[in-house]
Amino acid sequence: MKPMRLDKYLTKVHNMSRSEAKQFIKKGRVRINGVVEKRAECKIDADVARVELDGERCVFEEHIYRMLNKPAGVVTATKDAEEKTVMDCLESSNRSLFPVGRLDKDTEGLLLITDDGELAHNLLSPVKHIDKCYFALLDGPVGEKEEKLFQEGLDIGDDKKTLPARLVPAGEQTGGFGVYITIQEGRYHQVKRMAKAIGREVLYLKRISMGSLKLDEELKPGQSRPLTREEIDGLKNRV
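According to our numbering, the residues represented by the sequence shown are 167 to 405, in order.
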């Protein structure tokens, strides 16, 4: 990693403004390798230097990765003039974070928020064959016939059929007939359009996994948490 200014380093680690970082430094609250540093322009190597603020070590992460349990009723966008977005569910950040992929406004579940453009591109690329699994409630039962149609690919009105997908019935449940649907694409309203292609309507939809990343069941709708190192490595190893 290239050396960076001390004040810029603090803004990235602690999500503070540049002016706030400069004040901390000026007041002697920052140490580098045990020595007080009062120069905001001081260049540091984040991979080597031990930086402390008020005695607490600062740990720099090149990228941020957060798992959000998206609630229904919010749009998947970084900003919207009229609607509440998934970014409004998170604490403010000075990083340029964005959602990986898109969930419909009424769809719930797993959404990865990050500033790692390379990982996001790989997770969304159809050629990488990253599984995205959803739980859905349909307005009627499905069986072997529908499972086979999903495996063969469906005509949902696009130029070409969908890639082979998996449909696993989960039985009749409160509110509809449960199914697990796994796809490797991210077309517009894809799951709903696939259900329509077999004569069914989606009554409820929730994404439960993307690649190796599974939705944390402890997260309530609207809540988020940082990914663990194991979860990050799992995603990167998969792509």
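From the three backbone atoms N, C-alpha and C, an ideal C-beta is built for every residue, glycine too.
Measuring CA to CA, which of the options is closest to residue i?
i                 : options                        : result
lysine 192        : Val217, Asp270, Met182, Glu203 : Glu203
threonine 394     : Lys386, Asp382, Gly388, Pro387 : Asp382
glutamate 338     : Arg332, Gly306, Ala361         : Gly306
glycine 377       : Ile349, Glu186, Asn235         : Ile349
leucine 289       : Glu257, Glu228, Glu351, Asp270 : Glu351
arginine 261      : Thr177, Gly200, Lys327         : Thr177
histidine 295     : Glu218, Leu329, Arg223, Leu219 : Leu329
valine 345        : His355, Leu369, Asp324, Asp325 : Leu369
lysine 326        : Gln356, Ile347, Asp297         : Gln356
phenylalanine 226 : Asp297, Val179, Ile398         : Val179
arginine 205      : Thr244, Gln189, Val214, Arg268 : Gln189
lysine 168        : Val241, Leu269, Val214, Glu397 : Val214
methionine 182    : Glu228, Ser258, Asn403         : Ser258
glycine 323       : Asp297, Ile347, Lys358         : Lys358
glycine 388       : Lys311, Glu396, Val240, Glu248 : Val240
aspartate 211     : Asp220, His287, Val405, Glu228 : Glu228
asparagine 199    : Arg223, Ser185, Arg184         : Arg223
For my contact list, residue i and residue j are in at a C-beta cut-off of 8 Å; report their separation, rounded to the angstrom.
i             : j             : result
arginine 366  : leucine 304   : 4 Å
leucine 285   : leucine 401   : 6 Å
leucine 371   : alanine 302   : 5 Å
aspartate 321 : alanine 363   : 6 Å
valine 266    : threonine 280 : 6 Å
serine 390    : cysteine 299  : Contact flag wrong, Cβ pair sits at about 19 Å.
threonine 244 : leucine 269   : Actually they are not in contact, since the Cβ atoms of threonine 244 and leucine 269 sit about 14 Å apart, beyond 8 Å.
Quick one: Cα of residue i to Cα of residue j, how far?
i              : j              : result
isoleucine 230 : lysine 174     : 16 Å
methionine 253 : leucine 263    : 8 Å
glutamate 384  : lysine 250     : 23 Å
arginine 412   : arginine 197   : Summary: the structure shown does not reach residue 412, with the chain confined to residues 167 through 405, and so no result is reported for it.
glutamate 218  : leucine 278    : 30 Å
glycine 309    : glycine 342    : 15 Å
arginine 404   : glutamate 397  : 11 Å
glycine 221    : alanine 187    : 15 Å
glutamate 207  : glycine 283    : 28 Å
serine 291     : arginine 195   : 45 Å
lysine 120     : isoleucine 347 : The question about residue 120 has no answer here: the residues shown for the chain are numbered 167 through 405.
Quiz item: Taking only runs of the beta strand (DSSP E) that begin and end inside the region 360-402, which ones reach a length of at least 3 residues, in chain order?
Solution: Restricting attention to beta strand (DSSP E) runs no shorter than 3 residues, the region 360-402 encloses them at 368-376, 390-392, ordered along the chain.
Practice problem: Please determine if the region 306-315 and the region 326-341 are in contact, where contact requires at least 3 C-beta pairs separated by less than 8 Å. | Solution: Under the three-pair Cβ rule at 8 Å, the region 306-315 counts as touching the region 326-341.
Quiz item: So, do the region 218-238 and the region 256-276 have three or more beta carbon pairs nearer to each other than 8 Å?
Solution: Put simply, the region 218-238 touches the region 256-276. At least three CB pairs are less than 8 Å apart.
Exercise. Only counting runs of 3 or more residues, tell me where the beta strand (DSSP E) segments fall wholly within the region 225-289, in order along the chain.
Key: Runs found: 231-236, 274-280.
Practice problem: For the region 169-198, list the alpha helix (DSSP H) runs that are entirely contained and at least 4 residues long, ordered along the chain. | Solution: Runs of the alpha helix (DSSP H) inside the region 169-198: 172-180, 184-192.
Self-check item: Those runs of the beta strand (DSSP E) which lie wholly inside the region 199-225 and span at least 3 residues
Solution: Fully enclosed beta strand (DSSP E) runs of 3 or longer: 217-219.
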